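Novice: Residue numbers for the sequence shown follow this note's numbering, so the first one is 22 and each next one is one higher.
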Amino acid sequence: MNTILITGCSSGFGLETARTFLERGWRVVATMRGPRSDLLAPSDRLSILPLDVTDHDSIDRAVAAAGPVDALVNNAGVGLLNALEGVSMDAAREVFETNTLGTIAMTRAVLPQFRARRAGVVVNVTSSVTQRPLHLLSVYTASKAAVNAFTESLALELEPFGIRARLVIPGRAPETAFGANARARMGMDIPEAYAAVAAKVFAGIQQADGDLTRSSDVAEAVWRAVTDPSCPMRLPAGADAVAWAKAS
Ligand SMILES: NC(=O)c1ccc[n+]([C@@H]2O[C@H](COP(=O)([O-])OP(=O)(O)OC[C@H]3O[C@@H](n4cnc5c(N)ncnc54)[C@H](OP(=O)(O)O)[C@@H]3O)[C@@H](O)[C@H]2O)c1
Numbered sequence: 022m023n024t025i026l027i028t029g030c031s032s033g034f035g036l037e038t039a040r041t042f043l044e045r046g047w048r049v050v051a052t053m054r055g056p057r058s059d060l061l062a063p064s065d066r067l068s069i070l071p072l073d074v075t076d077h078d079s080i081d082r083a084v085a086a087a088g089p090v091d092a093l094v095n096n097a098g099v100g101l102l103n104a105l106e107g108v109s110m111d112a113a114r115e116v117f118e119t120n121t122l123g124t125i126a127m128t129r130a131v132l133p134q135f136r137a138r139r140a141g142v143v144v145n146v147t148s149s150v151t152q153r154p155l156h157l158l159s160v161y162t163a164s165k166a167a168v169n170a171f172t173e174s175l176a177l178e179l180e181p182f183g184i185r186a187r188l189v190i191p192g193r194a195p196e197t198a199f200g201a202n203a204r205a206r207m208g209m210d211i212p213e214a215y216a217a218v219a220a221k222v223f224a225g226i227q228q229a230d231g232d233l234t235r236s237s238d239v240a241e242a243v244w245r246a247v248t249d250p251s252c253p254m255r256l257p258a259g260a261d262a263v264a265w266a267k268a269s
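Shown next, in the form of structure tokens:
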């Protein structure tokens, strides 16, 4: 039976991806900072483990407890919407620690077993903002663009060992807790000089009625990235992300 380890399963894309792989017969190691047993239907193929991707001991413990895994999905992430002048260096570091270095650390932690078995897939979830710059997202976009570059280079060195690395690139998904989590963790103290720009950005977000991304789009894209060896390196997830990828 195949096993997948997914980071950030307490909500949103990670939770939906865990559900999808469980429904399709995989063994799922659903990791969360604060483990909860009420989010996923009980199954003897489900393990729920604590994992904070910014904590090296937590990573070592989770990877050891998970046992052999065939696929790693680096989904855990935090958002940050502000003008750069309103972003503290602590906040910038937290975004990079989670989105970028957390992804790198998790990947390093599973590679020895993948290499020993000459098999395995790493799927990194980034964002379509890396394909089209948007206002007030400089630090977040940089953290995800770094993961795009990391993954594309890493894929080359892993290929001779039979290991694949792929990117899933979601569009905007207001249905997840992402915006609320970002506001709760990072605040939204936009400097006065940027208030007019911010007002336009927020009005634009509220009026946006075009294509969006659903958690199920991301789960399907991760499924394809994991199970289809011919899957392209960059897989947009969601109608908006697909349209952006075509235009870029
Ligand atoms: N929603 C969007 O519009 C959107 C668009 C493009 C890309 N993305 C990306 O998609 C991924 C999933 O986002 P989502 O929309 O599903 O948001 P979400 O509902 O906020 O889920 C994010 C998950 O990451 C976890 N997490 C945060 N920091 C962590 C850490 N240090 N260690 C372990 N887990 C951590 C959260 O856990 P806690 O519950 O403990 O905070 C949560 O489970 C993120 O990487 C995000 O950047 C989101």
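Every residue gets a Cβ at the ideal spot worked out from N, C-alpha and C, and that includes glycine.
Note that the coordinates shown come from a computational prediction; the quantities given were computed from them, not determined experimentally.
Taking all protein chains shown into account, decide if residue 254 is buried (16 or more other Cβ within 10 angstroms of its Cβ) or exposed.
Specialist: Residue 254 comes out exposed.
Novice: Buried or exposed, going by whether 16 or more other CB atoms sit within 10 Å of the CB of residue 218?
Specialist: Result: exposed.
Novice: Suppose the cutoff is 8 Å on Cβ atoms and the five residues either side in sequence are ignored; what does the same chain contact list for residue 245 look like?
Specialist: Excluding residues within five positions, the ones whose Cβ falls inside 8 Å are 252, 256.
Novice: Can you tell me which of the three DSSP states residue 202 falls into?
Specialist: The answer is helix: DSSP assigns residue 202 an H, G or I state.
Novice: Would the beta-carbon of residue 147 fall within 7 Å of that of residue 119?
Specialist: No.
Novice: If I measure Cβ to Cβ from residue 262 and keep anything under 7 Å in the same chain, skipping five residues before and after, which residues do I get?
Specialist: 149, 190, 191, 192, 234.
Novice: Taking 7 Å as the limit between beta carbons, can you name the residues of its chain near residue 117, skipping five residues before and five after?
Specialist: Counting only Cβ-Cβ distances below 7 Å, and skipping sequence neighbours, we find 164.
Novice: Could you give the DSSP three-state label for residue 69: helix, strand or coil?
Specialist: Of the three classes helix, strand and coil, the one that applies to residue 69 here is strand, per DSSP.
Novice: I'd like to confirm something about residue 253: is its beta-carbon nearer than 6 Å to some heavy atom of ligand 1, or not?
Specialist: Result no, Cβ not under 6 Å from ligand 1.
Novice: Distance, Cα to Cα, residue 80 vs residue 88?
Specialist: For residue 80 and residue 88, the distance between alpha carbons rounds to 13 Å.
Novice: Note down the Cα distance separating residue 205 from residue 199, rounded to an integer number of angstroms.
Specialist: Cα to Cα, residue 205 sits roughly 10 Å from residue 199.
Novice: Is any non-hydrogen atom of ligand 1 found closer than 6 Å to the C-beta of residue 121, if you look at the structure I gave you?
Specialist: No, ligand 1 has no heavy atom inside 6 Å of this Cβ.
Novice: Enumerated in chain order, which unbroken segments of the alpha helix (DSSP H) with a length of 4 residues or greater are wholly contained in the stretch 66-128?
Specialist: Runs of the alpha helix (DSSP H) inside the stretch 66-128: 77-87, 110-116.
Novice: Contact defined as beta carbons within less than 8 Å: I believe residue 101 pairs with residue 160. What is the distance between those atoms, to the nearest angstrom?
Specialist: Residue 101 to residue 160, Cβ: 5 Å. Contact.
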